[in-house]
Each structure stands twice: as structure tokens, then as C-alpha cells.
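Participant: Take a look at the following structure, please.
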Amino acid sequence: MRMVRSCLVTFVVAAAGVCAQQEPLAVTVRADRPGHAIPRTLYGIFFEDINDAADGGLYPELIANRGFDWRTQGPDGWTREWRGEAMGRVSLQGADPVHPNTFQYLRVECYAPGEGAGVANDGFGGIAVQQGKAYTLSFHARRHAGYAGGLTVRLENAQRQPLAAFRIAKDAWKTACAGGQPASPLDSPPPAPWARYEALFMPTATVTNARLAVLLDARGTVDLDLVSLFPQDTYKGRKNGLRKDLMEMLAAMNPATLRFPGGCVVEGHSFETQYHWKRTVGPLERRALNHNLWGYWQSHGLGYYEYFQMAEDLGAEPLPILAAGMTCQFRKPPESLPLDSLDLVVRDALDLIEFANGEPDTPWGRVRAEMGHPAPFNLKYVGIGNENWDTPFLDRYAVIAKAVKAKHPEITIISSAGAAPEGPMFELAWSRLTGMKAELVDEHYYKPPEWFLSQATRYDRYDRNGPKVYVGEYACHTRDRKNNLLAALCEAAAMTGFERNSDVVRMAAYAPLFNKIGRTQWNIDLIWFDNTRAFGTPSYYVQKLFMNNLPDVLLPVEAPDNLAPLPPTGTIGLHTWETAAEFKDIRVTRGGETLYAFDPKEGTKGWSKSKEGAWSVRDGALRQSDAAVRETVSSFIAGAPWESYTLDLNARKLSGKEGFIIRVRDQRDKTVHLNLGGWGNKEHGIEQNGQNPVVRQPGTIETGRWYAIKIQLDGERVRAWLDGRPLFDRLLPNGQAARAYLVAGRDRTAGEIVVKGVNPHNAPVTLALSLAGADVRAQKARRITLTGRPDDVNTMEEPYTIAPKEDTFDVPGAASHVTLPAHSLTIIRIKAE
42 MRMVRSCLVT FVVAAAGVCA QQEPLAVTVR ADRPGHAIPR TLYGIFFEDI
92 NDAADGGLYP ELIANRGFDW RTQGPDGWTR EWRGEAMGRV SLQGADPVHP
142 NTFQYLRVEC YAPGEGAGVA NDGFGGIAVQ QGKAYTLSFH ARRHAGYAGG
192 LTVRLENAQR QPLAAFRIAK DAWKTACAGG QPASPLDSPP PAPWARYEAL
242 FMPTATVTNA RLAVLLDARG TVDLDLVSLF PQDTYKGRKN GLRKDLMEML
292 AAMNPATLRF PGGCVVEGHS FETQYHWKRT VGPLERRALN HNLWGYWQSH
342 GLGYYEYFQM AEDLGAEPLP ILAAGMTCQF RKPPESLPLD SLDLVVRDAL
392 DLIEFANGEP DTPWGRVRAE MGHPAPFNLK YVGIGNENWD TPFLDRYAVI
442 AKAVKAKHPE ITIISSAGAA PEGPMFELAW SRLTGMKAEL VDEHYYKPPE
492 WFLSQATRYD RYDRNGPKVY VGEYACHTRD RKNNLLAALC EAAAMTGFER
542 NSDVVRMAAY APLFNKIGRT QWNIDLIWFD NTRAFGTPSY YVQKLFMNNL
592 PDVLLPVEAP DNLAPLPPTG TIGLHTWETA AEFKDIRVTR GGETLYAFDP
642 KEGTKGWSKS KEGAWSVRDG ALRQSDAAVR ETVSSFIAGA PWESYTLDLN
692 ARKLSGKEGF IIRVRDQRDK TVHLNLGGWG NKEHGIEQNG QNPVVRQPGT
742 IETGRWYAIK IQLDGERVRA WLDGRPLFDR LLPNGQAARA YLVAGRDRTA
792 GEIVVKGVNP HNAPVTLALS LAGADVRAQK ARRITLTGRP DDVNTMEEPY
842 TIAPKEDTFD VPGAASHVTL PAHSLTIIRI KAE
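According to my numbering, the sequence shown holds residues 42 to 874 in order.
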């Protein structure tokens with residue numbers, strides 16, 4: 042069993058440090074006792090098409106619904122364009138498409154041409170083009186008998202002024218598609234009587250809101266399909282390539298692995314909507330569209346070939362994830378193939394390996410070669426299952442992995458530990474997978490700051506002889522779900538644990554990678570972008586710094602005095618459990634100072650949104666009106682956490698089974714609860730960190746009656762009153778935390794010792810640093826620092842609020858002092874032999 046228990050109690054200190062002033066922390070890096078080699082694969086990236094990351098993003102197609110295949114009632118993304126006195130009709134058709142996989146196309150019927158009859162497309166929130174840059178226009182068209190006119194494609198600005206244009210004259214129509222039969226095993230039928238047209242567009246101005254218009258100039262009918270406008274200035278100039286600025290940001294990170302294409306999109310809502318890799322390769326016209334699990338259409342222009350090419354261009358190991366014969370278990374009810382019907386799943390996995398690594402004379406190796414890459418992609422890893430759990434997954438994984446391994450023993454297979462990093466399903470997965478002698482087990486976690494800090498020692502206790510770990514998805518989720526510095530530093534603290542334990546943790550990848558502004562499904566991401574710009578979050582810079590400062594060999598770090606008491610700080614919160622209630626006259630004071638007073642005119646401003654419940658302000662009170670739900674926590678998160686304060690409020694139960702839960706020292710998952718009328722409205726009690734009650738006594742809460750509640754915090758002492766009557770008086774220690782999170786190693790190529798230090802607290806920490814056994818001469822050592830205020834975020838307008846800064850500091854020899862600023866990641870590089 043993989044037992045995960047935190048032996049170090051920690052929490053995020055957003056405004057209250059471990060201690061305001063302390064002696065320097067003695068830190069010894071044992072250069073004389075080198076540890077294990079650190080794998081180059083340790084830090085990588087994970088791409089999933091979520092937040093509209095692909096089409097109109099990393100895949101820079103400028104036309105939305107270019108194949109008219111979004112399965113809706115009309116041609117979404119396209120508008121009818123009747124200019125002047127033009128009249129006509131547009132419709133979606135399915136007979137004789139360009140390819141059966143592009144099963145729909147657009148028919149334009151012109152009854153009166155006027156100044157042009159057809160359709161227009163605004164792209165993905167506007168078409169952004171640059172003056173002087175080259176763009177490839179391409180489309181398939183088929184004119185019907187009796188149409189004697191031409192066709193014009195215009196790139197226009199918002200005023201319909203042309204930026205570029207292409208015209209098929211009435212006597213210049215082609216009669217059929219060019220090209221021969223596609224290669225087996227894609228098995229495409231003979232071409233329909235379509236013709237493909239291509240032109241070069243060089244816009245005469247730079248705009249962000251252009252549109253593409255396709256116009257007929259005579260009476261009659263023309264069919265259109267696969268209308269594309271694609272930049273030629275892609276990353277490394279690849280045809281059908283990737284957006285240059287986004288790829289440059291990834292390349293600057295220097296990732297060692299690329300996990301793709303998901304994520305939950307791999308598994309889908311159903312077997313039909315799963316990500317089928319064979320539908321994503323070959324000519325664009327044969328790539329079937331898919332409505333993905335995140336609720337929008339994928340063109341698969343960014344398909345498996347492009348993913349492999351992307352990994353190669355980044356110098357990263359490709360790491361594809363395949364479904365395990367079952368659909369996404371988060372979407373109920375999931376579907377599963379019978380254990381004796383997994384042959385097609387195994388076949389897909391084997392064919393994928395052949396597509397990546399097979400010689401050009403193999404069936405799938407031939408497809409890859411004809412797409413432009415005769416040499417193998419040198420695939421080494423395959424994941425079976427994304428975020429699956431329990432016996433249904435483990436049984437199917439065993440069958441698939443055994444069959445793949447029998448055919449390809451050189452491939453390392455990655456399995457899933459489930460959706461949570463602890464609990465019964467996690468333990469079951471590790472037990473079963475250890476018995477199967479699994480090679481790499483994929484752990485995922487999206488957790489709050491205090492959890493990440495507590496897990497910096499997580500892998501210290503893992504079995505060195507068991508399966509290795511791939512942390513395939515992780516990110517720190519602050520209570521307001523912001524990509525702020527605090528979240529990034531908590532991730533960095535955990536990453537020191539990855540690196541220190543990289544004999545167990547062989548790979549890791551933050552998730553998700555991209556978020557397109559205005560198209561968010563998941564609101565904690567590494568890189569945010571729009572149609573023309575992009576910026577990295579603080580987490581981006583943490584990942585970049587760790588990747589670009591990865592040593593070759595681990596050096597042990599000794600810091601015997603690294604633990605210090607945590608101050609008992611936090612905000613306040615309100616919570617009901619299957620109960621409707623309201624709260625008023627909420628006031629937080631310290632001495633004669635008012636720290637917070639609830640103002641009904643401000644509504645719920647400053648309060649977090651609960652997972653469940655219905656919070657509103659009614660009659661001067663903050664009301665939770667849903668008596669059927671449990672996860673109704675709403676916490677006051679504006680401003681800084683407080684220490685040693687008094688909370689006064691009045692509360693009234695409206696309906697339901699219990700009373701109220703008042704939260705103090707509230708740090709999300711780490712908090713102190715005053716539970717009034719809990720346990721079936723039979724007892725009052727104090728709970729700490731959601732665990733067993735510290736103290737309980739009989740008590741009930743009546744419906745319709747106002748109660749005066751008072752909680753006073755004095756250091757670790759917690760006292761509570763109900764209607765002026767003393768209830769509880771307890772000392773509740775808050776534990777200890779590391780003053781700094783540290784890891785070190787030797788970069789043999791650079792001849793340097795690399796020390797990474799994370800200080801998530803509000804006070805600086807000075808290290809008395811000693812490099813034991815190293816020959817260090819006096820020098821100016823490099824220092825890279827990422828620091829700021831914990832709530833700071835980067836934005837499109839201010840993209841570098843949190844960004845690394847590099848300087849040097851004097852190192853007299855093997856012993857030196859260096860200060861880690863409050864709320865910082867610091868990387869030190871010292872020349873040493």
C-alpha cells in the first residue's frame with residue numbers, strides 16, 4: 042500500500058510569516074555526498090484542448106468552423122452576406138462531401154447577385170492579421186450546372202474595406218480535386234467532383250477584427266468546404282504548424298516531456314466522443330471533427346502527427362495518453378468495454394507505436410512518412426488511461442498493458458492512480474499496480490496552498506523499489522482560483538520535493554497549459570492568451586526556472602533548524618449543513634480597532650463563492666437559503682488574514698436539520714469551526730481542520746430565533762460564547778512549518794552547484810550556506826529571484842508584475858550568506874569543483 046501521510050503540518054502564510062525576525066538558518070549542501078542522478082525527464086508540459094487552447098490558439102487556424110461540420114442547425118461561425126440587392130439562401134448539405142469524414146458542407150444559392158451573395162466568417166472573436174505577413178487561403182468549391190459566374194474571397198476590415206482578395210474568374214473554375222489516392226490504411230474513397238483552390242494573402246494593414254467573405258457574383262449554386270486562412274509564419278515555419286509566440290514561450294521553458302492530448306478529452310462523454318487518434322492524422326479533409334468533453338468542437342487540425350512534431354521541435358519526449366476501454370468516470374454513467382472485447386483498444390495502441398516508430402514500409406509508418414516525416418519519432422512512453430480509478434479501470438489496464446508490453450517491451454507504460462492523491466481508490470490503485478509491477482504511476486492533484494506545502498515531503502516516504510511516479514497533472518488552487526504568486530510558490534515548494542525525490546518521481550507536468558481569455562472552462566492555467574498576445578503566470582515562471590536550472594546530480598541538504606511555529610492566523614467564514622440560515626451584525630475587532638464590519642449595501646463583496654448553496658443579502662443579513670446542501674462554505678477573503686481577533690455576529694436558523702458553523706482562523710482546508718447545533722442538532726462543538734471534534738457538549742439551535750455569537754482568539758487560545766454564556770475555552774496549536782523549502786544539486790556541464798530556495802512566508806529568511814566538500818573560490822555568484830506580493834498576478838496589460846530578476850552576489854568561499862526575500866523563489870548558482 043502506498044501510505045501518504047503528512048508528517049509536517051504546514052499552511053500557507055499569505056500575510057503572517059513563520060516569525061518576524063529569526064536567526065540565520067544554517068544550511069549545509071553536502072557536495073561531498075552526491076546522491077542519485079536527476080532524470081532529464083523530470084519537468085515537462087501537458088497539453089489538453091481545454092479553454093479553446095487548440096483551434097484559434099496553439100493551432101492558428103483563423104477561420105472558425107472551416108469545414109461547416111459543427112453539428113448544429115446552422116453554419117455556426119458563418120453569417121449570411123447579401124450585399125446591395127443580393128438575395129439567396131445558404132444551407133448545410135451532406136450528399137457527396139469532399140470526404141465522408143467531413144460530412145457537411147455549405148451550399149450557397151444565389152437568386153440575385155447584387156454586390157455579392159455568400160457568407161462571412163469573423164474567426165475566433167475576430168481575425169487578427171499583420172501587414173506584410175503571409176497567409177495561405179485555401180478552400181474546396183464545387184459549382185453546379187448553370188452557374189456562369191465567378192467567386193471572390195475577400196479579407197476585409199470591420200468597414201468591409203479589402204485587405205486582400207482572391208477571385209476565381211467565371212472561366213477559371215477547376216473541374217475536380219487534384220491528387221491521387223491516399224495511402225492505405227486510411228482507405229479514402231475516390232474524390233468527389235470538388236476542386237481545391239489556394240492563394241497567398243498579404244494583408245495591407247494590421248487589424249485584430251478582420252473577417253473573411255466568400256461571395257458569388259451571378260445567379261446559381263456553389264458548394265463550399267474547408268475554407269481556411271492560415272498564417273505561414275508558424276513555429277519553425279511548419280506547414281499546418283503551430284502559433285509562433287505560444288511555441289516560443291514553451292520552448293523557453295525547455296520542457297523534457299510533452300503529455301497529450303489529455304486529460305479528460307481522451308476519454309470523452311461516450312465512446313463516440315473519445316479522442317480517436319486515427320481520426321486525427323492524414324490529409325486535413327479526412328480528419329473527423331469531434332465535440333470534446335469540454336463542450337466545443339475540435340477540428341483535429343492539431344492531430345497526432347502535429348503533436349509528435351511539436352514534441353520534436355521542443356526537444357521533448359512525446360507522451361501520448363490513450364483511453365483504457367472506458368469513458369470518463371466523472372461523467373455518469375461511464376461506459377466500459379467488456380474485458381474480453383479490448384482487442385480494438387490494444388490494436389489502436391500497437392498501431393500508434395507503429396505510426397510513431399515504424400519504418401516507412403509498415404502500414405502506419407507509411408502514413409507518417411507520407412505526411413512528411415520518414416524518420417521515426419522515437420516514442421518511448423505510452424499512457425493507458427487518463428484519470429481512472431477502481432477495479433473497472435485496473436482490470437482493463439492489466440489486459441491492455443500486458444498485450445502492449447508483449448509486443449513492445451521497449452515502451453514504458455504509464456498507468457493512473459486515479460483522480461485524488463489519497464483515499465481508498467488511491468490506495469487500491471497503488472496496491473494493484475505494485476502487484477502488476479507497473480513502471481510509472483500517474484498521480485494528479487489540484488489542491489489548496491496549505492496542502493501543497495504539507496506535501497513537500499510526500500515522496501520522502503515512497504518505496505524506492507516500487508513503481509516510479511509521474512505527477513501528470515498538478516496545480517495549486519487558491520480559494521479565489523487566481524494564478525497568483527502564492528499559488529506558484531506553493532507549487533515550487535512541492536517541486537523541491539519532486540527534485541529531491543527524483544529517484545521516485547521521474548516526471549511531472551503542471552496543468553492545464555493554456556487558457557484563451559474569454560473562453561475559460563478551467564481557471565488556473567500556465568499561459569493566458571488572446572488572438573495576438575500572451576503572458577505567463579507566476580506559475581509559468583516557476584516552471585521555467587525549475588526546468589532551466591535542473592542539475593545532473595542531487596546533493597543532500599541539511600537544515601536541522603528548519604521548522605518554526607506557525608502563527609494561528611486566518612480569516613472568517615460561514616457554513617451551514619443541510620440548513621438554511623442568515624447572519625447579520627458581523628464584526629471583527631482587535632482591541633479598539635475594527636478589522637471588518639459587514640455592510641449589507643456591499644452585498645457579498647469580499648466573500649468567496651461556495652461550492653453549493655444560495656447566498657444573498659436580504660433585510661440586512663447575509664442569507665444562505667438552500668436547506669438541502671452541505672458544501673455552503675463562504676469565507677471572507679478580501680484583505681489579509683488576521684491574528685488574535687474577536688468575531689461578533691448574530692445568526693438565525695430558517696429551516697433544516699442543524700444549526701450554524703462559524704469558521705475562524707480560516708485558511709480554506711485548515712480552519713477552526715465553532716459548530717452550533719451540529720451532529721443532528723444535538724451538540725455544540727469545536728473542530729479543527731475538519732477532523733474529529735476537539736470538544737463537544739449537548740446543545741440545540743431553535744428555528745426562527747436570533748442567537749448572539751462571540752469568538753475570541755488570543756494567540757492559540759480560542760474562546761466562544763453563545764448569548765453571552767461561555768461555551769468553550771481551548772488552546773489549539775497551529776503546528777510548525779518549514780522556514781524554507783530547499784533542494785540542491787550539481788550541474789556538471791556548467792561546473793556549478795545549484796541551490797533552489799522557496800520562502801512562502803511574509804518575512805525574509807537568511808541562509809547561512811555552507812557547501813561541504815566543494816572547492817569554491819571567491820566569486821560573484823548568479824542569483825535568480827521571483828518575488829512580489831502573494832496576491833500579485835500577471836495580466837495582459839501588466840504581464841511582468843511577477844517575473845524573474847537576475848543579479849549577482851559575493852561568495853567569499855564555501856561558506857556564505859544569502860537572503861530569501863519574503864514570498865520568493867530564489868535560485869543560486871555557484872561555481873564549484
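Note that the Cβ used here is the ideal one computed from N, Cα and C, for glycine as well.
#1: Which whole runs of the beta strand (DSSP E) in the region 553-636 are 3 residues long or more, in chain order?
#2: What do you reckon, are the CB atoms on Q777 and L527 nearer than 8 angstroms?
#3: Which two residues bound the contiguous alpha helix (DSSP H) that contains E468?
#4: N691 bridges to which residues according to DSSP?
#5: Run through DSSP, which three-state label would K488 get?
#6: Determine, using beta-carbon pairs with one atom in the region 358-371 and one in the region 274-293, whether at least three such pairs fall under 8 angstroms.
#7: Tell me the rounded alpha-carbon separation between I871 and T453.
#8: Just to check my reading of the structure: K797 and I868 have Cβ atoms closer than 8 angstroms, yes? What is that Cβ distance to the nearest angstrom?
#9: Tell me the start and end of each unbroken alpha helix (DSSP H) in the region 372-413 that is at least 4 residues and wholly inside, in chain order.
#10: Are the beta-carbon atoms belonging to G261 and H185 less than 8 angstroms from one another?
#11: For G406, which residues of its own chain have a beta-carbon under 8 angstroms away from its beta-carbon, when the five flanking residues on both sides are left out?
#12: What three-state label does DSSP hand T860 in the structure shown?
#13: Report the option in R505, F87, V386 whose CA atom is closest to the CA atom of K443.
#14: Quick check on L241: buried or exposed, where buried means 16 or more other Cβ atoms within 10 Å of its Cβ?
#15: Given 8 angstroms as the limit, is there contact between the region 348-355 and the region 410-427, that is, 3 or more CB pairs closer than that?
#16: Mind checking A78: buried by the 16 CB within 10 Å criterion, or exposed?
#17: Can you list, in chain order, the residues of its chain whose CB lies under 8 angstroms from that of V736, leaving out five sequence neighbours each side?
#18: Please confirm whether A622 and Q665 have their CB atoms less than 8 angstroms apart.
#19: With DSSP collapsed to three states, give me the class of R335.
#20: If contacts are defined as beta-carbon pairs under 8 angstroms, then G190 and P138 qualify, I think. What distance do you get, rounded to the angstrom?
#21: Quick check on DSSP: helix, strand or coil for R502?
#22: For D880, count neighbouring Cβ atoms within 10 angstroms of its own Cβ and tell me buried if that reaches 16, exposed if not.
#23: Classify S495 as helix, strand or coil using the three-state DSSP reduction.
#24: Apply the 10 Å Cβ neighbour rule to M128 and answer buried if 16 or more other Cβ atoms are within range, or exposed otherwise.
#25: What number of angstroms, rounded off, separates the C-alpha of Y503 from the C-alpha of V545?
#26: Out of curiosity, what's the CA-to-CA distance linking G721 and K698?
#27: Any idea what DSSP makes of N722, helix, strand or coil?
#28: What residues match up with A236 in a beta bridge as DSSP calls it?
#29: Measuring only the C-alpha atoms, how far is K421 from F109?
#30: Could you check what DSSP says for L204 in three-state terms: helix, strand or coil?
#31: Which two residues bound the contiguous alpha helix (DSSP H) that contains F349?
#32: Helix, strand or coil for M837? Go by DSSP, reduced to three states.
#33: Tell me where the alpha helix (DSSP H) around G5 begins and ends.
#34: Just curious, the beta strand (DSSP E) that M294 is in, first and last residue?
#35: Could you say which of P462, Q145, G309, N331 lies nearest to P375 if we only look at CA atoms?
#36: Rounded to the nearest angstrom, what separates G157 and L256 at their Cα positions?
Facilitator: In this structure, then:
#1: 555-557, 568-570, 575-577, 594-596, 604-606, 610-616, 620-631
#2: As a position in the sequence shown, residue 777 is number 736, starting the count at 1. As a position in the sequence shown, residue 527 is number 486, starting the count at 1. Contact flag unset, no.
#3: As a position in the sequence shown, residue 468 is number 427, starting the count at 1. First-last of the alpha helix (DSSP H) with E468: 465-476.
#4: To locate residue 691, count along the sequence shown from 1; it is residue 650. Partner(s): K625, A749.
#5: Numbered from 1 along the sequence shown, position 447 holds the residue referred to as residue 488. K488 falls in the strand class under three-state DSSP.
#6: no
#7: Sequence index remark: in the sequence shown, residue 871 carries index 830 (1-based). Sequence index remark: in the sequence shown, residue 453 carries index 412 (1-based). C-alpha of I871 to C-alpha of T453: approximately 36 angstroms in a straight line.
#8: Along the sequence shown, read from residue 1 onward, the residue named residue 797 stands at position 756. Along the sequence shown, read from residue 1 onward, the residue named residue 868 stands at position 827. That belief holds up - the Cβ atoms of K797 and I868 are roughly 5 angstroms apart, short of 8 angstroms.
#9: 384-398, 404-411
#10: The count along the sequence shown starts at 1 and reaches residue 261 at position 220. The count along the sequence shown starts at 1 and reaches residue 185 at position 144. Going by C-beta atoms, G261 is nearer than 8 angstroms to H185.
#11: The sequence position of residue 406 within the sequence shown is 365, counting from 1. Cβ neighbours of G406 beyond the five flanking positions: E395, F396, N398, G399, E400, P417.
#12: Here residue 860 refers to the residue found at position 819 when the sequence shown is read from its first residue. Strand.
#13: What you label residue 443 is simply residue 402 of the sequence shown in a count that begins at 1. The residue with the shortest Cα to Cα distance from K443 is V386.
#14: As a position in the sequence shown, residue 241 is number 200, starting the count at 1. So L241 counts as exposed.
#15: yes
#16: Translated into the one-based positions of the sequence shown, residue 78 becomes position 37. Exposed, by the Cβ-count rule.
#17: For the purposes of this step, residue 736 is identified with residue 695 of the sequence shown, where counting begins at 1. Excluding positions up to five away in sequence, the list reads G726, I727, F769, R771.
#18: Here residue 622 corresponds to residue number 581 of the sequence shown, with the count starting at 1. Here residue 665 corresponds to residue number 624 of the sequence shown, with the count starting at 1. Cβ atoms of A622 and Q665: closer than 8 angstroms.
#19: Sequence index remark: in the sequence shown, residue 335 carries index 294 (1-based). The displayed chain sequence assigns Trp, not Arg, to residue 335. W335 falls in the coil class under three-state DSSP.
#20: Within the sequence shown, numbered from 1, the residue matching residue 190 stands at position 149. Within the sequence shown, numbered from 1, the residue matching residue 138 stands at position 97. In fact, because the Cβ distance is near 23 angstroms, the residues do not count as touching under 8 angstroms.
#21: Within the sequence shown, the letter at position 461 stands for residue 502. Reduced to three states, the DSSP call for R502 is helix.
#22: In the structure as shown, the chain begins at 42 and stops at 874. Residue 880 is therefore absent and cannot be evaluated.
#23: Counting from 1 along the sequence shown, the entry for residue 495 is found at position 454. S495: helix per DSSP, three-state reduction.
#24: Indexing the sequence shown from 1 puts residue 128 at position 87. Exposed, since its Cβ has fewer than 16 Cβ neighbours within 10 Å.
#25: Locating residue 503 in the sequence shown gives position 462, counting from the first residue. Locating residue 545 in the sequence shown gives position 504, counting from the first residue. Roughly 7 angstroms between the two C-alpha positions.
#26: For the purposes of this step, residue 721 is taken as residue 680 along the sequence shown, with counting starting at 1. For the purposes of this step, residue 698 is taken as residue 657 along the sequence shown, with counting starting at 1. The alpha-carbon atoms of G721 and K698 are separated by roughly 6 angstroms.
#27: Within the sequence shown, residue 722 is the residue found at index 681, counting from 1. Helix at N722.
#28: To locate residue 236, count along the sequence shown from 1; it is residue 195. DSSP, once it has assigned bridges, lists A182 as partnering A236.
#29: Counting from one through the sequence shown, the residue named residue 421 turns up at place 380. Counting from one through the sequence shown, the residue named residue 109 turns up at place 68. So the two alpha carbons sit approximately 37 angstroms from each other.
#30: Position 163 of the sequence shown holds residue 204. In the structure shown, the three-state DSSP call for L204 is strand.
#31: Mapped onto the sequence shown, residue 349 falls at position 308. Membership of F349 in the alpha helix (DSSP H) is indicated by the continuous run 345-355.
#32: Here residue 837 refers to the residue found at position 796 of the sequence shown. DSSP places M837 in coil when its eight states are reduced to three.
#33: Nothing can be reported for residue 5: it is not among the residues displayed for the chain, which extend from 42 to 874.
#34: The sequence position of residue 294 within the sequence shown is 253, counting from 1. M294 -> not in any beta strand (DSSP E); alpha helix (DSSP H) instead, spanning 285-294.
#35: Along the sequence shown, read from residue 1 onward, the residue named residue 375 stands at position 334. Checked all of P462, Q145, G309, N331; the closest Cα to P375 is G309.
#36: As a working mapping, residue 157 is identified with position 116 in the sequence shown. As a working mapping, residue 256 is identified with position 215 in the sequence shown. Spanning the two alpha carbons is a distance of roughly 5 angstroms.
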